[in-house]
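K.L.:
All the letters of the sequence shown, read from the start, carry residue numbers -23 to -1, 1 to 265 under mature numbering (1 follows the signal peptide of the UniProt record, and there is no 0). Glycine included, C-beta positions come from ideal geometry on N, C-alpha and C.
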Amino acid sequence: MKYILSQPVWLAIIFTCAATIEAHTWLEQLTVVAPNGTFIGNPGYPRGFVARLPGVDPDEGMTYLLPPNGRSTGNEILQTDLMCKSTQTIGSQTAGSPALIASPGDFIALRYQENGHVTQPQIPPGKPEGSGIVYVYGTASPSNDDTYLGIHHVWNADGTGGDGRGVLLATRHFDDGQCYQINNGTISKNRQEEFPHNANPLMGEDLWCQTDVQLPADATGNYTLYWVWDWPTLDSNGAVIKNESYTTCSDISLTPAEGKSSKAEVINFAKGQSLDSAAISVQLETPF
């Protein structure tokens, strides 16, 4: 993708990205990954996407926290809690932010900002190793009535869990092992040196995180991904004392595959390519 932005807009985006340490996280972009690990084609976006632009606060428009703050029943996720934010119903694409176009069997990079949750893991205290776990569920039969508890830890990799409408495609640590936000923390400084990245209009000076998954080879039509980030607070024994989960829902428009699209081709991952447009090789090797 070619970006043409004036210098003032570019600098404003960089400033906005650098100031998001207190923000939560959601999917920013979905991109098809070629067999050599490079991002290809035009990116797609989650349902109801709100872009990070000067003067725009995407946190309110994109953050979907479960359980919500201030719930009268306390820190409890209810059976009625929906999987998707109310602005992320099926097919609700924002103008200029279309759904991703991909093919069955394609690898997809789900990209997001770490917002300090990786490079400053001590804020707040008690958070899990790897900055929590990301789960990606897929279904060809989504419903606007899909509930969090009806899917999360219910749908499985075999497609036999719950109502059988979907599958667990992958689980990953939120921390992908290389992403960072520019700050004075040790993790950020070390990663800036180990994974150098030149500022660009999309990511600014930061290097975004990603969750890489493979679409089912037999998927057809439109396919939906539910990205779930579990980030609970734990006590000294590792028990959950506060639930905290976030979701983003995205639709993918599938077209017939051209040529091969298989795990066997991942061995052609091109080492040394720019981190600006590359998947993470280890994530293409195994979904769990």
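Drop a sphere of 10 angstroms on the beta-carbon of serine 227, count the other beta-carbons inside from all chains shown, and report buried for 16 or more, exposed for fewer.
P.N.:
It counts as buried.
K.L.:
Report buried or exposed for isoleucine 257, applying the criterion of at least 16 other Cβ atoms within 10 angstroms of its Cβ.
P.N.:
Buried, by the Cβ-count rule.
K.L.:
Using the three-state DSSP reduction, which class does lysine 219 fall into: helix, strand or coil?
P.N.:
Residue state, collapsed to three classes: strand.
K.L.:
Taking only three categories from DSSP, how would you classify tyrosine 200?
P.N.:
Three-state DSSP puts tyrosine 200 in a strand.
K.L.:
Between Pro75, Gly249, Pro264, Gln90, which lies nearest to proline 20 when the distance is taken from Cα to Cα?
P.N.:
When only C-alpha atoms are compared, the closest one is Pro75.
K.L.:
Starting from the C-beta of alanine 134, find all residues in its chain whose C-beta is less than 7 Å away, skip the five residues before and the five after it, and write them out in chain order.
P.N.:
Answer for alanine 134: Val144, Leu145, listed in chain order.
K.L.:
Does valine 259 pass the burial test, meaning 16 or more other C-beta atoms within 10 Å, or should it be called exposed?
P.N.:
Valine 259 comes out exposed.
K.L.:
My parser needs the beta strand (DSSP E) runs of 3 or more residues fully inside the region 13 to 89; what are they?
P.N.:
Segments of the beta strand (DSSP E) lying fully in the region 13 to 89: 16 to 21, 77 to 79, 84 to 89.
K.L.:
Does the region 148 to 160 come close enough to the region 179 to 191 that 3 or more CB-CB pairs lie under 8 Å?
P.N.:
In short, these stretches touch, since the Cβ pair count reaches three.
K.L.:
Please tell me whether, using a cut-off of 7 Å, the distance from the CB of proline 98 to the nearest non-hydrogen atom of the ligand FAD is below it.
P.N.:
As far as ligands go, the structure on display features none, and thus does not contain the ligand FAD.
K.L.:
Along the chain, where does the beta strand (DSSP E) that runs through threonine 163 open and close?
P.N.:
Segment 163 to 171 is the alpha helix (DSSP H) holding threonine 163; no beta strand (DSSP E) there.
K.L.:
If you run the structure through DSSP and keep just helix, strand and coil, what is leucine 118?
P.N.:
Checking the sequence shown, residue 118 turns out to be serine, not leucine. Coil.
K.L.:
Just verifying my parser: in three-state terms, what is the DSSP assignment at isoleucine 110?
P.N.:
Reduced to three states, the DSSP call for isoleucine 110 is strand.
K.L.:
Since alanine 247 contacts glycine 14 with CB under 8 Å, what's their CB separation in whole angstroms?
P.N.:
That belief holds up - the Cβ atoms of alanine 247 and glycine 14 are roughly 6 Å apart, short of 8 Å.
K.L.:
Using the three-state DSSP reduction, which class does leucine 7 fall into: helix, strand or coil?
P.N.:
In this structure, leucine 7 counts as strand in the three-state DSSP scheme.
K.L.:
Rounded to the nearest angstrom, how far is the Cβ of aspartate 58 from that of leucine 43, given a contact under 8 Å?
P.N.:
Confirmed, about 6 Å.
K.L.:
Per DSSP, which one or two residues make a beta bridge with valine 190?
P.N.:
Ile85, per the DSSP bridge assignment.
K.L.:
Counting pairs of Cβ atoms below 8 Å between the region 154 to 167 and the region 117 to 132, do you hit three or more?
P.N.:
Because the criterion of three Cβ pairs below 8 Å is not met, the region 154 to 167 and the region 117 to 132 do not touch.
K.L.:
Does alanine 241 come out as helix, strand or coil in the three-state DSSP assignment?
P.N.:
Model confidence at alanine 241 stands at a pLDDT of 44, short of 50, so the residue's coordinates are unreliable; what they give is reported in the following sentence. Helix.
K.L.:
Do phenylalanine 84 and valine 205 have their beta-carbon atoms positioned less than 8 Å apart in this structure?
P.N.:
Against a cut-off of 8 Å, the Cβ pair of phenylalanine 84 and valine 205 comes out as no contact.
K.L.:
Contact check, alanine 28 vs leucine 231 under 8 Å by CB: the rounded distance?
P.N.:
25 Å between Cβ atoms; not a contact.
K.L.:
Less than 8 Å between the C-beta atoms of tyrosine 125 and tryptophan 3, yes or no?
P.N.:
Contact: no.
K.L.:
Could you give the DSSP three-state label for isoleucine -3: helix, strand or coil?
P.N.:
In this predicted model, isoleucine -3 has a pLDDT of only 42, less than 50, meaning its place in the structure is not dependable; the value taken from the coordinates is given anyway. The answer is coil: DSSP assigns isoleucine -3 none of H, G, I, E or B.
K.L.:
Could you pull out every residue in the same chain whose Cβ sits closer than 7 Å to the Cβ of glycine 162, ignoring the five residues on either side in sequence?
P.N.:
These residues qualify, in order along the chain: Thr96, Gln97.
K.L.:
Does DSSP put glycine 127 in a helix, in a strand, or in coil?
P.N.:
Residue state, collapsed to three classes: helix.
K.L.:
Which first and last residues belong to the beta strand (DSSP E) in which leucine 146 is found?
P.N.:
Leucine 146 -> beta strand (DSSP E) spans 143 to 150.
K.L.:
Pull the bridge partners of tryptophan 206 from the DSSP assignment, please.
P.N.:
Val111, Tyr223, per the DSSP bridge assignment.
K.L.:
If contacts are defined as beta-carbon pairs under 8 Å, then proline 119 and threonine 64 qualify, I think. What distance do you get, rounded to the angstrom?
P.N.:
Rounded, the Cβ-Cβ distance is 15 Å, inconsistent with contact.
K.L.:
Could you give the DSSP three-state label for leucine 261: helix, strand or coil?
P.N.:
Of the three classes helix, strand and coil, the one that applies to leucine 261 here is helix, per DSSP.
K.L.:
Just to confirm, is the Cβ distance from serine 222 to aspartate 207 under 8 Å?
P.N.:
Their beta carbons are under 8 Å apart, which means serine 222 touches aspartate 207 by this criterion.
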